[in-house]
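Below is one structure, written out as structure tokens; the observations come after it.
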Amino acid sequence: MQFDIQRRSYAMQYPESKHLLIYVEQLPVGRLLLDESSNEEKAIQLIDVSLLPEFRNQGVGTRLLQHLQRLASETLRGIRLSVLQSNPAIRLYERQGFMVTGESVPYLRMHWHPAEGAATQEGDCR
Numbered sequence: 001m002q003f004d005i006q007r008r009s010y011a012m013q014y015p016e017s018k019h020l021l022i023y024v025e026q027l028p029v030g031r032l033l034l035d036e037s038s039n040e041e042k043a044i045q046l047i048d049v050s051l052l053p054e055f056r057n058q059g060v061g062t063r064l065l066q067h068l069q070r071l072a073s074e075t076l077r078g079i080r081l082s083v084l085q086s087n088p089a090i091r092l093y094e095r096q097g098f099m100v101t102g103e104s105v106p107y108l109r110m111h112w113h114p115a116e117g118a119a120t121q122e123g124d125c126r
């Protein structure tokens, strides 16, 4: 029921979002929701990323973010996201060069821009 409510909310807020599956060695290990339709800030909106528990803390999220950063850089865009203030993924985002740009309790708004985070773009997402 909670998943359905979240899905409907995302569909209303981001009607042009892309729903993608994340694979590791041909195994589905998570999902990714992106919205690339916003031209206001020339940024990709990272709506949601979820990994199965057994694939967390193994570098999958890092490689995924690096891949998104390369794609954003190629089109001169940044990446925006909102994350719960209690979410341990904040450390991952900060390591990848994301900066806190605002707060709307219980969320933090974060942004990455190619010029600010270019040094984080190593590795490959496969």
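With this note's numbering applied, the sequence shown has no gaps in its numbers, which climb one by one up to 126 at the end.
Just so you know, even glycine gets a beta-carbon here, dropped at the ideal spot from N, CA and C.
*asked:* Please give the ranges of any alpha helix (DSSP H) in the stretch 69–106, keeping only runs that are unbroken, at least 4 residues long and fully inside the region.
replied: 89–95
_Suppose the cutoff is 7 Å on Cβ atoms and the five residues either side in sequence are ignored; what does the same chain contact list for S37 look like?_
E16
*Exposed or buried, which one is F3 when buried takes at least 16 other CB atoms within 10 Å?*
exposed
_Distance between beta carbons of G30 and V49, contact taken as under 8 Å_ = 7 Å
_S9, DSSP secondary structure in three states_ = helix
*Over what stretch of residues does the beta strand (DSSP E) that includes S50 continue unbroken?*
43–51
_Could you pull the DSSP bridge partners for R31 from this structure?_
L21, S50
_Rounded Cβ spacing between Q45 and L32 (contact assumed at less than 8 Å)_ = Not confirmed; about 12 Å, so no contact.
*So I47 and Y10 are in contact, right, with Cβ under 8 Å, and what is the actual spacing, rounded?*
6 Å
_Please classify V60 as buried or exposed, where buried requires at least 16 other C-beta atoms within 10 Å of its C-beta._
buried
*Return the residue from the list E74, T75, G102 that minimises the CA-CA distance to V83.*
G102
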